[in-house]
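Chemist:
2 protein chains.
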Amino acid sequence: MDYINLLKNNDLKVTPQRLIIVKELDTKGHMSIDDLYIALHSAFPSISLATIYKNINVMINKLFIQEVKIPNEKSVYELAKEEHAHALCVKCNAIMDMNLDVSKFIRKAETLSNYSLSKSSVIFSGICPTCQMS
Amino acid sequence: MDYINLLKNNDLKVTPQRLIIVKELDTKGHMSIDDLYIALHSAFPSISLATIYKNINVMINKLFIQEVKIPNEKSVYELAKEEHAHALCVKCNAIMDMNLDVSKFIRKAETLSNYSLSKSSVIFSGICPTCQMS
DNA sequence: ATAATAAGGGAAAATTATTATCCTTAAATA
DNA sequence: TATTTAAGGATAATAATTTTCCCTTATTAT
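One line per chain: the protein sequences are A and B, in this order. The opening residue of the first sequence carries number 1 in the working numbering; numbering runs sequentially from there. The opening residue of the second sequence carries number 1001 in the working numbering; numbering runs sequentially from there.
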């Protein structure tokens, strides 16, 4: 992925801090504010939490990252991508994306609710393969 | 619903404040901390926010109420019930419960993820019938 | 019903999370 | 390269949540 153009295309200045944020989100998949702070701190020992918050918010406003609210956990952030569902491990907090087609579900939900529904937030919780073995 | 026994069965003292909290949650369905504060304030003008928080937390620990984390909104709380999905109106914030059978979905998700999955958090967003008309 | 005990309520302090401000510095553009 | 514009960092301010303290009240066991 071209992190530089991702920022440029969204009219954001390309700074080393921002590059690391998007790279971390891209390679790790899901990170909390604290995760990002720790990750950036090794490259920029003087980084401020405010910088993390400011950048997360500006990127959310530019619509290329998204917040994922997780039951009983702190929110994590991910690069925007096709709508998908999440599997959460309640032991190790690993989060996995799943390309699950929710369109049937949405249509059923529309019938049940009479709402006109367009977006979904779907999180399943359980135990990941690794933790199942231990 | 027998609010008194709901509290007693969970080893909680039956107080007027708690009765109103569970009654509000039962009749309104979903309420935020602030909603509850406003609702209790009319009956108990001197009530403290701390009382709301303490009771919500103790009820969550007793497992008879649950937090619902909503994208772009503050969390709301509801009485625990059978697993269900939520429809959220992004205009007026109305939330509706839907008895949607997610078991097929969970099984598909287990196949895709190799996780062992047991719980789900499903929120669809759109426009409620009322707001569709205006 | 009464006394003893445990727990709740309220006020405010303490913590934690998030945002704003100000100044310095770095990035973009001509 | 000079100019402008916005970003980063430090810190203060604000907001949100949790905890502490003390007093009152409900519950339980006489």
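Ideal Cβ positions, reconstructed from N, Cα and C, are used throughout, including at glycine. All values derive from a computational prediction rather than experimental measurement.
Between the segment 1107-1125 of chain B and chain A, which residues of the former have a C-beta closer than 9 Å to a C-beta of the latter?
Modeler: Lys1108, Ala1109, Glu1110, Leu1112, Ser1113, Asn1114, Tyr1115, Ser1116, Leu1117, Ser1118, Lys1119, Ser1120, Ser1121, Val1122, Ile1123, Phe1124 and Ser1125
Chemist: Here's the rule: buried if 16 or more other CB atoms are within 10 angstroms of the residue's CB, otherwise exposed. What is A/Ala109?
Modeler: On the first sequence, position 109 is the one that residue 109 of chain A refers to. A/Ala109 should be labelled buried.
Chemist: Chain B partners of A/Ile127, CB-CB under 7 Å?
Modeler: Here residue 127 of chain A is taken as the residue at index 127 of the first sequence, counted from 1. Within 7 Å Cβ-Cβ: Tyr1115 and Ser1116.
Chemist: Tell me which same chain residues have a C-beta within less than 7 Å of the C-beta of A/His41, skipping the five on either side of it?
Modeler: Within the first sequence, residue 41 of chain A is the residue found at index 41, counting from 1. Taken in chain order, the residues that qualify are Ile47.
Chemist: Cβ closer than 7 Å: which chain A residues qualify as neighbours of B/Cys1089?
Modeler: In the second sequence, residue 1089 of chain B corresponds to position 89, counting from 1. Per Cβ cutoff of 7 Å: Tyr115.
Chemist: Quick one: what's A/Val76 bridged to in DSSP?
Modeler: By one-based count along the first sequence, residue 76 of chain A stands at place 76. Looking at the DSSP assignment, A/Val76 forms a beta bridge with A/Val68.
Chemist: Buried or exposed for B/Tyr1115, please, with buried defined as at least 16 other CB atoms from any protein chain shown within 10 angstroms of its CB.
Modeler: The residue you call residue 1115 of chain B lines up with position 115 of the second sequence. When all chains shown are included, B/Tyr1115 counts as buried.
Chemist: Around the Cβ of A/Cys92, are there at least 16 other Cβ atoms within 10 angstroms (buried) or fewer (exposed)?
Modeler: One-based indexing of the first sequence puts residue 92 of chain A at position 92. That one is exposed.
Chemist: Between which two residues does the alpha helix (DSSP H) harbouring B/Asp1035 extend?
Modeler: Reading the second sequence from its first residue, position 35 is the one you call residue 1035 of chain B. Looking at the DSSP string, the run of the alpha helix (DSSP H) that includes B/Asp1035 is Ile1033 to Ala1043.
Chemist: Going by DSSP, which residues form a beta bridge with B/Asp1097?
Modeler: For the purposes of this step, residue 1097 of chain B is taken as residue 97 along the second sequence, with counting starting at 1. BP columns for B/Asp1097 point to B/His1086.
Chemist: Checking contacts by CB at 8 Å: is A/Lys69 closer than that to chain B?
Modeler: Working through the first sequence from its first residue, we reach residue 69 of chain A at position 69. Judged by the 8 Å Cβ criterion, A/Lys69 is in contact with chain B.
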